[in-house]
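The sequence shown runs 3 to 283 under my numbering.
C-beta: ideal position from N, C-alpha, C; glycine also.
Step one of this worksheet: look at the structure below.
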Amino acid sequence: MGKETWPKFYQRLILDNGTAFRGAHLKLLRADHLLEELEIAIRVLPQTIGKQFLIGTSDETVNITFLSDRMPLQLSAALGDCVHNIRCVFDHVAVALAAPPIGTGNPNKSSMPTGKSKNAYEGERAKKMKGAPPSALAIVDALEPWRGGCNLVRELHELDIMDKHRLLVPAIAEMHIRSMGAEVRGAPITITGKDVRSIADGRNFVIEIPCPGIKSHTEFKLTNSLKADFSIKFDRDHPCAGELVLPTLKRIRATASDLVEKCETAFPGVVSWRAMRGAHR
C-alpha cells in the first residue's frame, strides 16, 4: 500500500488558524470535492444498468421509447453526502454569527434557521440565532430560508432530513445518445446522436431513426452497445421535485459561498469562538 497523503484541496485550511468562518470554508471545499464525485457518478453509473424500451415503426421510421427509470442505488450515497456538506456550510455560518465574538449566543444551540413559511422561519430564527447582531440577521434574512424562498435553503434542509431517514434516489431525466448499435434486417449499423431526432420536448426518451425500406419493428433490433450521457432530477416525492440534481446543487453551493463572502466582508478580522476558547484554557 502506498504512502497516504492529505488531500491537496484541504491544504490551505491548515494555515488558517482561526477565522470565524473557517468551518464554513472547510465544508465548502468538501462539498466541491463531493460535487465532482457526484458528476462522475451521474456519468458512469447509468451505464451499469439495463434500459427498458419499446420499438415501433411508422413511415419507414423506427420509434424507440426509452422508459423512465431511477438511478442505481449507489448514487444516493454521493448525493446525500453533497446535500449534507452544503447544508453544513449554512450551519457553520449561523454559529459564527450567533456566537462570540460576533454575537452573544451559545454556539452549541445555534444553527441555520429555516421554516415551512416566513413566519415559521422567524420563530426558528429567534431560537437558533439568539444573540446574533441585527446586521447578521439581515444577511440571513436575505437568503429567504423558508419554503419557496428564492435560494432553496429550506428545500436543502428538507433534503438533508430526508437523507437521514431514507436514501435519496433520483430519477433519470434526460438521455443524450452518443452511439448505439443496432441491426436492420440483420445488417449491423451504428447510430449516433446526429442520426436520431427527439420527439419528447428535447428529451431523448422517445427518438426517431430513419430506416428506409423498413416495414416492421421486427426488422429492427438494438444490440448491447448503447453509449449515452444522462441527466438526473429529484424524484416526484423529493424536495426540489423535477429539478435537475447537479445544476440545483451547484446553484445552492454558489449561494452558500456567496453567504460566506458577505459575512467575511461584514465581519472582517474576527477569530473563531473555538480559537478564543482554546486560548483561555
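Identity of the residue in the options nearest residue i by Cα
| i | options | result |
| --- | --- | --- |
| Ile57 | Pro249, Val85 and Lys223 | Lys223 |
| Arg255 | Ala128, Gly183 and Glu157 | Glu157 |
| Val290 | Asp93, Ala22 and His178 | Residue numbering for the chain in the displayed model covers 3 to 283; residue 290 lies beyond these limits and cannot be assessed. |
| Asp83 | His240, Lys166, Val46 and Thr220 | Lys166 |
| Thr267 | Ser137, Phe92, Asp61 and His35 | Ser137 |
| His159 | Lys217, Ile216, Gly215 and Phe92 | Phe92 |
Between the CA atoms of residue j and residue i - distance to the nearest angstrom
| i | j | result |
| --- | --- | --- |
| Val97 | Met114 | 8 Å |
| Arg238 | Gly244 | 6 Å |
| Arg24 | Cys265 | 12 Å |
| Lys196 | Met182 | 11 Å |
| Glu41 | Glu176 | 15 Å |
| Ala43 | Leu37 | 10 Å |
| Ile88 | Ala128 | 23 Å |
| Met131 | Ser112 | 6 Å |
| Thr21 | Arg180 | 48 Å |
| Phe55 | Ser119 | 42 Å |
| Asn226 | Glu39 | 27 Å |
| Gly271 | Lys252 | 28 Å |
| Gly150 | Gly117 | 10 Å |
| His240 | Val155 | 14 Å |
| Asn287 | Ala33 | Outside the shown range of the chain, which is 3 to 283, sits residue 287, and nothing can be said about it. |
| Asn108 | Glu126 | 15 Å |
| Leu139 | Ile193 | 57 Å |
| Pro172 | Val262 | 29 Å |
| Glu185 | Arg45 | 26 Å |
| His219 | Ala189 | 14 Å |
| Asn206 | Val142 | The pLDDT assigned to Asn206 is 47, lower than 50, so where the model puts this residue is not dependable; a value taken from the coordinates is nonetheless given after this. Cα to Cα, the separation comes out at about 41 Å. |
| Ile216 | Ile163 | 53 Å |
| Pro214 | Asp61 | 9 Å |
| Ile191 | Leu248 | 34 Å |
Strand pairing of residue i, partner residues [DSSP]
| i | result |
| --- | --- |
| Val64 | Thr59 and Ile211 |
| Ala184 | Ile191 and Leu224 |
| Met151 | A small correction: the amino acid at residue 151 is Gly; Met does not occupy that position in the sequence shown. DSSP lists no partner for Gly151. |
| Ile179 | Ala230 |
| Ile174 | Ile234 |
| Gly117 | Trp148 |
| Leu246 | Lys235 |
Beta-carbon spacing of residue i, residue j below 7 Å
| i | j | result |
| --- | --- | --- |
| Leu246 | Lys235 | yes |
| Thr67 | Pro212 | no |
| Gly105 | Ala79 | no |
| Leu81 | Leu170 | yes |
| Ala26 | His94 | yes |
| Leu28 | Ser259 | no |
| Asn121 | Glu210 | no |
| Tyr123 | Pro102 | no |
Expected contact under 8 Å - CB spacing of residue i and residue j to nearest Å
| i | j | result |
| --- | --- | --- |
| Pro74 | Thr50 | 6 Å |
| Phe232 | Ile174 | 6 Å |
| Asn153 | Thr257 | 5 Å |
| Glu221 | Arg168 | Not confirmed; about 45 Å, so no contact. |
| Leu77 | Leu47 | 5 Å |
| Leu161 | Cys242 | 7 Å |
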